[in-house]
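Taking my numbering, the leading residue of the sequence shown gets 165, the next gets one more, and so forth.
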Amino acid sequence: MMECKKCSGKLEVLRACWKIRLKCGECSTEFHIHEVADQLDSETEALLERYPSIIYD
């Protein structure tokens, strides 16, 4: 499980039409993928592999 850097809540994959972010279920903070890339766990990596490209905006 990936944890939020601000409150230690669980991060979930948030997909919009043109972006993919990780969002905390507790404090609703959104993170760019590159901001938490060092924390990616195998479960989250498996979810992100389903998307053909990730745009770092």
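Each residue gets a CB set at the ideal place from its N, CA and C atoms; glycine is no exception.
CA-CA distance, L212 and L178?
-> The residue you call residue 212 lines up with position 48 of the sequence shown. The residue you call residue 178 lines up with position 14 of the sequence shown. Taking the straight line joining both Cα atoms gives about 10 angstroms.
Go ahead and pull the three-state DSSP assignment for E213.
-> The residue you call residue 213 lines up with position 49 of the sequence shown. If DSSP states are grouped into helix, strand and coil, E213 belongs with coil.
Mind checking who K174 pairs with in its DSSP beta bridge?
-> Taking the first residue of the sequence shown as position 1, residue 174 is located at position 10. E167.
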